Structure formats: structure tokens, C-alpha cells
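Notes follow the structure.
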Amino acid sequence: MDVKSPGCYKITTVFSHAQTVVLCVGCSTVLCQPTGGKARLTKGCSFRRKQH
7 MDVKSPGCYK ITTVFSHAQT VVLCVGCSTV LCQPTGGKAR LTKGCSFRRK QH
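The sequence shown begins at 7 in our numbering and counts up by one.
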């Protein structure tokens, strides 16, 4: 899925079951945190699912 950072509005591609913390390339904001299953998005981040 595409995740947009609330700080700089850059779009980063993130896997839904990411197992590491994903940081924004532009502003180094944490975009999502890993959980046992799906990654949890940080509050304020917007996302869009990829089309197959």
C-alpha cells in the first residue's frame, strides 16, 4: 500500500505485514510499527491500497 507522510506528504510503498519500523525518506517520520500480524499505521498517516 502507499502511505503518505503527514510531515512532508511524500508517498512511500509499505507492505501490509511489514516486520520492521518504516521511516519516511523525506522527514524520517515513523510511518508504521510492526505488530504480530499487520503493521499499524502511525496516527495522521493516510494510505491507499495498490491495485492488482
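Glycine is no exception: its CB is placed at the ideal position from the N, C-alpha and C atoms. Note that this is a predicted model, so its numbers are computed, not measured.
In DSSP terms, what residue i is bridged to
i, result
"Gln39", "Arg46"
"Val28", "Cys38"
Proximity to residue i [Cα-Cα], best of the options
i, options, result
"Val36", "Arg55, Gly42, Lys49", "Lys49"
"Thr19", "Pro12, Gln25, Cys30, Gly13", "Cys30"
"Cys51", "Pro12, Met7, Asp8", "Pro12"
"Pro40", "His58, Ile17, Phe21", "Phe21"
"Gly43", "Tyr15, Thr26, Phe53", "Thr26"
"Tyr15", "Ala24, Gly32, His23", "Gly32"
Boundaries (first-last residue) of the beta strand (DSSP E) holding residue i
i, result
"Arg55", "From DSSP, Arg55 is part of no beta strand (DSSP E); its letter is neither H nor E."
"Lys10", "8-10"
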